[in-house]
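Residue numbers (the working numbering): 154 to 308.
This is how it looks when you write it as structure tokens:
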């Protein structure tokens with residue numbers, strides 16, 4: 154076979170440092186545009202971006218010739234620079250050091266995109282801590298809730 158076929162779709166979640174509620178509704182569209190530009194400029198594809206005041210969810214395809222950690226670093230670096238340098242920006246803005254990255258099965262992609270696009274409604278009923286714990290359990294990732302809190306995930 155002369156061609157390689159892959160599906161490297163992921164659900165990426167990352168938060169503001171110390172869970173500061175700095176992602177106001179009025180700046181999210183431009184922030185998401187900045188994030189999408191970073192992904193597409195590196196050869197990736199964006200299916201959905203959404204979030205609330207303190208974290209972002211992205212359904213993206215990472216090219217097979219790139220390491221996921223490099224794509225995430227570029228997304229966080231470029232978007233934090235935009236958050237600091239935009240008119241009225243916060244010079245102290247930064248993202249939390251960690252992130253969560255989950256593989257996406259094609260049969261679940263539509264549901265994931267709906268979930269990402271309805272983050273405001275979802276968080277009216279669920280806390281960020283509950284959300285992350287649910288995602289970790291769903292993907293069979295072992296964790297200790299108190300450790301997540303100690304590491305600053307829910308501060």
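In this text, a Cβ means the ideal position worked out from N, Cα and C, and glycines have one as well.
Beta-bridge analysis with DSSP links residue 164 to 212, 255. At the C-beta level, residue 213 and residue 229 stay beyond 8 Å of one another. Beta-bridge pairing by DSSP links residue 169 to 248. Secondary structure of residue 155 (DSSP, three-state): coil.
Taking a 10 Å sphere around the C-beta of residue 205, we find 16 or more other C-beta atoms and assign the residue as buried. Around the Cβ of residue 162, a 10 Å sphere holds 16 or more other Cβ atoms; the residue is buried. Residue 174 and residue 216 have their alpha carbons spaced roughly 31 Å apart. The shortest C-alpha to C-alpha distance from residue 250 to any of 274, 172, 191, 239 is the one to 172.
The C-beta of residue 257 has 16 or more other C-beta atoms within 10 Å across all chains shown, which makes the residue buried. Contact between residue 247 and residue 232 is absent: CB atoms are separated by about 10 Å, not below the 8 Å threshold. Just measuring C-alpha positions, the residue of 158, 176, 165, 159 sitting nearest residue 243 is 176.
Residue 201 sits away from residue 279, with the two beta carbons spaced by 8 Å or more. Leaving aside the five residues that flank residue 166 on each side, the residues in its chain whose CB is nearer than 6 Å to its CB run, in chain order, 210, 253. Here DSSP, grouped into helix, strand and coil, assigns residue 225 to helix. Under DSSP, residue 199 takes part in a beta bridge, and its partners are 213.
Beta-bridge pairing by DSSP links residue 241 to no other residue.
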